[in-house]
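The sequence shown lines up with residues -15 to 187 when you count with the numbering used here.
In this text, a Cβ means the ideal position worked out from N, Cα and C, and glycines have one as well.
Working notes, beginning with the structure itself.
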Amino acid sequence: MSDNPIRADLWFDPICPWAWVTSRWLLEAAEVRDIDLRFHLMSLSVLNEGNRLPEQYEVMMREGWFLSRVLTAAVRDHGEKILEPLYTAMGTRIHPGGDADYPVVTVLALESLGLPTDLARAGTDASLDAAIRESHGAAMSSVGTDVGTPVVRIDGKACFGPVLSRIPRGEQAGLIFDGARLLTGFEHFFELKRTRTEEPAFD
-15 MSDNPIRADL WFDPICPWAW VTSRWLLEAA EVRDIDLRFH LMSLSVLNEG
35 NRLPEQYEVM MREGWFLSRV LTAAVRDHGE KILEPLYTAM GTRIHPGGDA
85 DYPVVTVLAL ESLGLPTDLA RAGTDASLDA AIRESHGAAM SSVGTDVGTP
135 VVRIDGKACF GPVLSRIPRG EQAGLIFDGA RLLTGFEHFF ELKRTRTEEP
185 AFD
């Protein structure tokens, strides 16, 4: 590793499958590039406040607070470095595992990391929402409001995405990171997009 690794920040909502794929790509890229990768929370629940949504999404937005609150409490009690492994433990059960029972997922994830399972009680603690909103606000101040999750910031330059439906591995992950760094580093770059034709996969 060099003395000056590339700083990369990821803002994610734990319920978002697209953010999950992006997070796995960044972890892969960090294996083949010298990256100081840091994870942060953003919230689809906050992002969609005041918007009319289909009922199934309204339910998701209400339930989405649960995981973010537990993650926030874990960071409060155990420091920022716990965020990525706890998100990984939760997300592996939710996304590849297909388990949407968030209270059960949370207890299993906490147990797998040797963390107190009492932290699961934080899922209903609305006093943690201010910290979630603050972290979400940091993402918005980096990239603007016309975005979703994930937000990736590389060398201080942020963008929405990249949105990927498959997880790049090995050197391919590194090359895609190089491309994202090049684009986000150009101050006049704003958007590169095409219609999604498939759902995310987690293999």
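Item to check | Classification of Asp(-3) by the beta-carbon crowding that lies within 10 angstroms, buried from 16 upward | outcome: By the Cβ neighbour-count rule, Asp(-3) is buried, with 16 or more other Cβ atoms within 10 Å of its own.
Next on the checklist: Buried or exposed for Gly81, going by 16 or more other Cβ atoms inside 10 Å?
Outcome noted: Gly81 comes out exposed.
Item to check | Pairwise C-alpha distance: Leu167 and Ile66 | outcome: One alpha carbon belongs to Ile66, the other to Leu167, and they sit about 30 Å apart.
Item to check | Val136: first and last residue of the uninterrupted alpha helix (DSSP H) it sits in | outcome: In the DSSP assignment, Val136 falls outside any alpha helix (DSSP H) and lies within the beta strand (DSSP E) extending over Val135 to Ile138.
Checklist entry - Would a C-beta distance cut-off of 8 Å place Ile151 and Ile(-10) closer than the cut-off? => result The criterion of a C-beta distance shorter than 8 Å is not satisfied by Ile151 and Ile(-10).
Checklist entry - In chain order, what residues of the same chain lie with their CB nearer than 6 Å to the CB of Ala(-8), ignoring the 5 residues before and after it? => result Answer for Ala(-8): Ile19, Leu21 and Ile138, listed in chain order.
Checklist entry - Can you give the Cα-Cα distance for Thr90 and Ala73, rounded to whole angstroms? => result So the alpha carbons of these two residues sit roughly 9 Å apart.
Item to check | Beta-carbon contacts of Ser149 that lie in its chain and below 6 Å, excluding the five residues immediately before and after | outcome: Around Ser149: Glu182 and Pro184.
Next on the checklist: Please tell me whether Gly132 and Phe144 are closer than 8 Å, where the distance is taken between their beta carbons.
Outcome noted: Remark: C-beta atoms of Gly132 and Phe144 approach each other more closely than 8 Å.
Item to check | Secondary structure, beta strand (DSSP E): runs of 3+ residues fully inside the stretch 100 to 178 | outcome: Segments of the beta strand (DSSP E) lying fully in the stretch 100 to 178: 135 to 138 and 141 to 144.
Next on the checklist: Suppose you measure from the CA of Asn(-12) to the CA of Val127; what does that come to, to the nearest Å?
Outcome noted: For Asn(-12) and Val127, the gap between their C-alpha atoms comes out near 24 Å.
Item to check | Run of the alpha helix (DSSP H) containing Arg53, from where it starts to where it stops | outcome: Segment Glu39 to His62, the alpha helix (DSSP H) holding Arg53.
Item to check | Beta-bridge pairing of Leu25 - partner residues as DSSP gives them | outcome: Phe(-4).
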